[in-house]
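Here the structure is laid out as C-alpha cells; the discussion comes afterwards.
Protein chains: 2
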Amino acid sequence: MSKVEPRVLKGFRDHLPAKMVPRQQMLGAIERTFSRFGFLPLMTPALEYLEVLTGKYGEEGDSLLYRFKDHGDRDVGLRYDLTVPLARVVAMYPEITLPFRRWQIAPVWRAENPARGRFREFVQCDGDIVGSPDMNADAEVVQLACELLRALGVERFAVRINNRKVLSGLMRRIGVAEGAAEAGVLRTIDNLPKIGEDEAARLLREENGLGAEPVRQVFDFLAIRGEPLEVLGRAGSLFEDGSIGQKGVSELKEVFEISAAVGLGGELELDFSIARGLNYYTGTIYEAFLGSLPGYGAVMGGGRYDGLIGVFKGQEIPGVGISLGIDRLLEGLVELKLLEERARVARVLVTVFGPATAAYSARAAQALRAGGIACELFPAYAKVGKQFRHAERAGQRWVVVCGADEQAKGAVAVKDLETGKQEEVALDALLAYLAERVGP
Amino acid sequence: MSKVEPRVLKGFRDHLPAKMVPRQQMLGAIERTFSRFGFLPLMTPALEYLEVLTGKYGEEGDSLLYRFKDHGDRDVGLRYDLTVPLARVVAMYPEITLPFRRWQIAPVWRAENPARGRFREFVQCDGDIVGSPDMNADAEVVQLACELLRALGVERFAVRINNRKVLSGLMRRIGVAEGAAEAGVLRTIDNLPKIGEDEAARLLREENGLGAEPVRQVFDFLAIRGEPLEVLGRAGSLFEDGSIGQKGVSELKEVFEISAAVGLGGELELDFSIARGLNYYTGTIYEAFLGSLPGYGAVMGGGRYDGLIGVFKGQEIPGVGISLGIDRLLEGLVELKLLEERARVARVLVTVFGPATAAYSARAAQALRAGGIACELFPAYAKVGKQFRHAERAGQRWVVVCGADEQAKGAVAVKDLETGKQEEVALDALLAYLAERVGP
Chain B
1 MSKVEPRVLK GFRDHLPAKM VPRQQMLGAI ERTFSRFGFL PLMTPALEYL EVLTGKYGEE
61 GDSLLYRFKD HGDRDVGLRY DLTVPLARVV AMYPEITLPF RRWQIAPVWR AENPARGRFR
121 EFVQCDGDIV GSPDMNADAE VVQLACELLR ALGVERFAVR INNRKVLSGL MRRIGVAEGA
181 AEAGVLRTID NLPKIGEDEA ARLLREENGL GAEPVRQVFD FLAIRGEPLE VLGRAGSLFE
241 DGSIGQKGVS ELKEVFEISA AVGLGGELEL DFSIARGLNY YTGTIYEAFL GSLPGYGAVM
301 GGGRYDGLIG VFKGQEIPGV GISLGIDRLL EGLVELKLLE ERARVARVLV TVFGPATAAY
361 SARAAQALRA GGIACELFPA YAKVGKQFRH AERAGQRWVV VCGADEQAKG AVAVKDLETG
421 KQEEVALDAL LAYLAERVGP
Chain U
441 MSKVEPRVLK GFRDHLPAKM VPRQQMLGAI ERTFSRFGFL PLMTPALEYL EVLTGKYGEE
501 GDSLLYRFKD HGDRDVGLRY DLTVPLARVV AMYPEITLPF RRWQIAPVWR AENPARGRFR
561 EFVQCDGDIV GSPDMNADAE VVQLACELLR ALGVERFAVR INNRKVLSGL MRRIGVAEGA
621 AEAGVLRTID NLPKIGEDEA ARLLREENGL GAEPVRQVFD FLAIRGEPLE VLGRAGSLFE
681 DGSIGQKGVS ELKEVFEISA AVGLGGELEL DFSIARGLNY YTGTIYEAFL GSLPGYGAVM
741 GGGRYDGLIG VFKGQEIPGV GISLGIDRLL EGLVELKLLE ERARVARVLV TVFGPATAAY
801 SARAAQALRA GGIACELFPA YAKVGKQFRH AERAGQRWVV VCGADEQAKG AVAVKDLETG
861 KQEEVALDAL LAYLAERVGP
C-alpha cells in the first residue's frame, strides 16, 4: 500500500475521544428522556432515492444535496434532514399507526460553504409526534424540551414560544399576503437577533415592501412581553373572531394552560418575535435557550408543521416536533461546566510489565471490572515510567502496580496520583479498596 | 410538492421501532462494556477523500466503494469500514498517543449485490487496541469478547482462537509459499464450514495446487482438538525452533495462559481451522459463536493486524481488535429470547379526551415520569376505545384513564390490560401505585 497523506475532507471533522466522551454522556441522557416520554427509536438509511429528497427543502436546499449515481445508475442522495425520511416511513409501513412518536439521532449532510461552527456533516437529534392536530401534543413537546434540558443538568433555561398563525394574523392586519410575501417578512423577523432593528426595518421597507406604519406595527407587536396568559388575553382583542390570528392565540393559550398544570411557569416565555427560519411551520413554534449563557443562540427549536409529513401519502398528516442542535448544546454544556471534555472513561490504570506478570495484572483488572469499576489494563509490556505518564495524560487518578514483588505477596500497590500516596493492598481486597475511593 | 412514491433504496432498509428497541438495549450494554474496559469512543466522517479509502480493501473492495465527486470536484467515497478511518486518525493527531484503545459503532457502505441478510448499508461495531505488539493486548480483546456476550445475557458461547503464524508455519511445512499462494489456501480453509471437506479438498488440489499428501496434512492439522495448553505443547513439536509456526504457538500459549488467569476456560477453544477471510491478519485470530445456536455463524471476529494501521504514517503500528456483527448478533439474541422485538418503550399509557381535561392528563403523565416511570401521554383528543386499541397494539399493560369524572374526584382509573382489573387511584397516589406494579 502506498503512503497517503492522512487528511479529513473539507467541511468534515473527526470527533476525538475528548469530545466524544461528554457527547456520549449527553446522548445517553437524551435517549433516556425520550424513552421516559414514550418516544420510539427509528433508523433510516443515509442514502435515499434522490426524488425522495428533492423539492422538499427549497431551491437552496436542493442545491446543497450530496447527489450521485449509484452502481445501478440510480439517482441517489445523502440524507439532508431527519424529517423527510420520517415522512417517507410513515407513508410506507402499514404497521406504523398514528399517532406515532419517534426519536432519531443521526448525521445529515449538506454541502454548505464551511464557516466557523458550520459543517457539511452534522448530527441531528429529532423527536416528533405525527398524526395529532391537538394542542396537547404541542404542550407535550414543549415539556419534553424542558425535561431534556433538566436531564442534562441545566437549571436555568428559557423556552420562547410563539405561533405561526399569530404571525399570519399580524401579516393580514398590515396587508401582507399569504405565501411568498409573508415568508419574506418572516425571514426578516427571524433574522432580527442577528441583524438588529435598524437593518431589519430597512429590509422590511426595501425588500419586503412595507410602509412606515406597518413596520412600526410589526415592531410594536414583536415587542409585546408579559405574563403569557395575560398577554394572550390582550392579543386576542387584536384579531377578529374566526381569523387565523385569533386561532393562533387560542392555540397558544391551550399550550400555556397545559404547561402551567405540569408546573412550567417562568421557564416558558411568550415571544412574538420567534419566527423560525423554515417555511413549513403552521402553528406552535419555539426555541430553547440556556439561561446562563445570554447571547448564545438557540440550542433546540421546533414546532408544528401540518403540511409536511403527508407529501408521500397524498393526504395531510399533522406533525409537531423538536430538533436539538447536538454540537451547539454540547459546547454550551461544556461552557457551563456541566460536562467536561476529557478523553477518559476509566479512572484506574492497571500496569503490566511483562509476560511473567501479565496474567496477574489481568486478574487485578478483572476483579475491578467484575465489581463495576472501569479500568484500563495497560495493553503492552512497558516500563513503569511510561505507564504512569500514560495515566497522567489520560487524567486517571489511580494506578494499580502489579510487579513481580507484588505478585509474590498476592498484593498490588495502589498509587493515588492526586495525593501522591501509595498503599499496598491485597489482591482480593483491591475491589473494596478502590470502590470506596473511585465512587460511581 | 408533488406526490412521490415512498420507497427505500435497493439494498438498504429502515429499522422500525420493533427492531430498534432491542437494538438500542443491545448497543447500550455494548457501550457500557467497552467503557468498563477503558475503551474510548471515536467518531469519524461518513465521507472521506477517495484516496484515503482506495487500495486498502483489495480490488473487489475498491469496486464496491460508493464514490462520487463532491461540489468542489473532489473525489470522495463513503466509509467502507471503521479500520481505515482509525488508521487515518492515529496518523493525523499528535494528541493521540499510543497505545490507544477506541470503540466505534457506525454504519458503513458497500455496493454489494444484495442477498438474504446482506445489505449495502450496515452498522459495524469495532473495538481496537493500537500500538501494542504484546500478547496481553490480544488476551484483553478475547476477554472483552467474552464480557460483551455476558453483558448481553449470553451464558453459553465459544470463542475459537487460532494464530495466523501457526497457519503460516503449516503452509511452510507443506511447501506453500508466502503471499498469494498462502492467501489462496487460507481462503479455502476459511470457507470450509460453508463448502464442506470434499469441496475444500477439491479446491486445495485444483485451485491451490496442493498434492494429495499436503491436503491430508492440512486436514489432519485443522482437526486437532483438545485442551489448549496441552495441544499447544504437542503442536510446538511440529515446528522448528525459531520458525514462524513456533512463534505462533508461543503467542497462542501466552493468550491462553493469561485468559486462564481471569477464569476463562471452557469458553475458549483452540481451533486451527479458524482462518478469517481478510488478508491483513498477522497473529492471533478468533471468532465468537453462540453456544445455544449451533450452525449459526460467528457473531464476532477479529485478530491482530500488525501491518495495516501504519499505512498513513509510513511506519508499522501493531493493532489488535474485534468486530461485532450488530445485525447477526441482534437476530441471535432475539432467537435466544434474550431480547424481544417490540415497538414499546413505555408500558403505561395516559389517556386524553379533550381540552377540558388535557392539563389533568398531563399532570398524571408528569407525576409518573418524574418518578422514573416511562409513560406515553396520548398526544391527541380521542375516544376512549381508540386509546385502548393504541395501548393494546403497542403492548402497553396499564392505561391511566383521566376523564372529567376522575378529574372532579382528583383521581384516575388505572386499567390493567393483562388482568382486566380496573381500580380508582388518587392522582397523588398514582406514582406509588404503578411503581409497585410496573417495576424497573
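Chains B and U, in that order, are what the protein sequence lines are. Numbering of the first sequence is given in the working numbering, commencing with residue 1 and proceeding in unit increments. Numbering of the second sequence is given in the working numbering, commencing with residue 441 and proceeding in unit increments. Every residue gets a Cβ at the ideal spot worked out from N, C-alpha and C, and that includes glycine.
Check, Outcome
"Ile-326 of chain B at chain U interface by Cβ criterion, 8 angstroms", "no"
"Sequence-distant residues of its chain with Cβ nearer than 7 angstroms to Ala-866 of chain U (five each side left out)", "Gly-850, Ala-851"
"Residue nearest to Gly-127 of chain B in terms of C-alpha spacing, selected from B:Gly-301, B:Val-154, B:Lys-415", "B:Gly-301"
"Ala-359 of chain B versus Ala-408 of chain B: straight-line alpha-carbon distance, rounded", "13 angstroms"
"Below-8 angstroms beta-carbon distance, Ala-137 of chain B vs any chain U residue", "yes"
"Neighbour list for Ser-132 of chain B in chain U, Cβ cutoff strictly below 8 angstroms", "Pro-819, Ala-820"
"Helix, strand or coil at Phe-474 of chain U according to DSSP, with G and I counted as helix", "helix"
"Residue-level contact to chain U via CB, Gln-24 of chain B, 8 angstroms cutoff", "yes"
"4 or more residues per run - each alpha helix (DSSP H) lying fully within the stretch 38–95 of chain B", "50–53, 58–64, 83–92"
"Contact set for Pro-462 of chain U: own chain, Cβ-Cβ below 8 angstroms, skip 5 residues either direction", "Leu-770, Leu-773, Val-774, Leu-779, Glu-780, Glu-781, Arg-782"
"Beta-carbon separation (whole angstroms), Phe-452 of chain U vs Glu-561 of chain U, contact threshold 8 angstroms", "5 angstroms"
"Close Cβ partners of Gln-444 of chain B (< 6 angstroms) along its chain, the five nearest in sequence each way excluded", "Because residue 444 of chain B is not part of the residues shown, which for chain B are 1 to 440, the question remains open."
"Any 3 or more C-beta pairs closer than 8 angstroms across the stretch 14–30 of chain B and the stretch 488–508 of chain U", "no"
"Whole-angstrom C-beta distance between Leu-678 of chain U and Phe-696 of chain U, which should lie under 8 angstroms", "Going by Cβ atoms, the distance from Phe-696 of chain U to Leu-678 of chain U rounds to 17 angstroms, so no, they are not a contact pair."
"Beta-bridge pairing of Lys-415 of chain B - partner residues as DSSP gives them", "B:Val-399, B:Gln-422"
"Closer than 8 angstroms to chain U by CB, Met-300 of chain B", "no"
"Touch test, the stretch 155–162 of chain B against the stretch 290–308 of chain B, Cβ-Cβ under 8 angstroms, three pairs minimum", "yes"
"Among U:Val-444, U:Glu-622, U:Val-760, U:Ala-675, the one whose alpha carbon lies nearest that of Leu-650 of chain U", "U:Glu-622"
"Same chain, Cβ closer than 6 angstroms to Leu-764 of chain U, neighbours up to 5 away in sequence not counted", "Cys-565, Met-740"
"For Glu-51 of chain B, the nearest candidate out of U:Glu-445, U:Glu-653, U:Ser-713, U:Leu-584 (CA to CA)", "U:Glu-445"
"Residue closest to Ser-243 of chain B, alpha-carbon to alpha-carbon, out of B:Glu-423, B:Ser-273, B:Leu-167, B:Thr-33", "B:Leu-167"
"CB contact check: Cys-842 of chain U to chain B, cutoff 8 angstroms", "no"
"Delimiting residues of the beta strand (DSSP E) encompassing Ser-699 of chain U", "Premise fails: Ser-699 of chain U lies in the alpha helix (DSSP H), 684–701, not in any beta strand (DSSP E)."
"Delimiting residues of the alpha helix (DSSP H) encompassing Ala-404 of chain B", "404–409"
"Ser-503 of chain U, buried or exposed, once every other Cβ within 10 Å from all chains shown has been counted against 16", "exposed"
"Proximity below 8 angstroms, CB of Gly-236 of chain B to CB of Gln-246 of chain B", "yes"
"Rounded separation between Gly-38 of chain B and Arg-809 of chain U - CA only", "10 angstroms"
"Strand pairing of Phe-221 of chain B, partner residues [DSSP]", "DSSP, once it has assigned bridges, lists no residue as partnering Phe-221 of chain B."
"Contact with chain B by Ile-698 of chain U, beta-carbon distance below 8 angstroms", "yes"
"Contact the stretch 105–114 of chain B vs the stretch 65–84 of chain B: 3+ CB pairs below 8 angstroms", "yes"
"Cβ pair Gly-283 of chain B, Glu-251 of chain B closer than 8 angstroms", "yes"
"Proximal residues of chain B, C-beta to C-beta of Gln-806 of chain U below 8 angstroms", "Gln-143, Val-262, Gly-263"
"Where Gln-544 of chain U falls, given that 16 or more other Cβ within 10 Å makes a residue buried", "buried"
"Terminal residues of the beta strand (DSSP E) in which Val-130 of chain B lies", "121–130"
"Residues bridged to Thr-442 of chain B [DSSP beta-bridge criterion]", "Nothing can be reported for residue 442 of chain B: it is not among the residues displayed for chain B, which extend from 1 to 440."
"Neighbour-count burial assignment, Pro-525 of chain U, 16 or more Cβ in a 10 Å radius", "buried"
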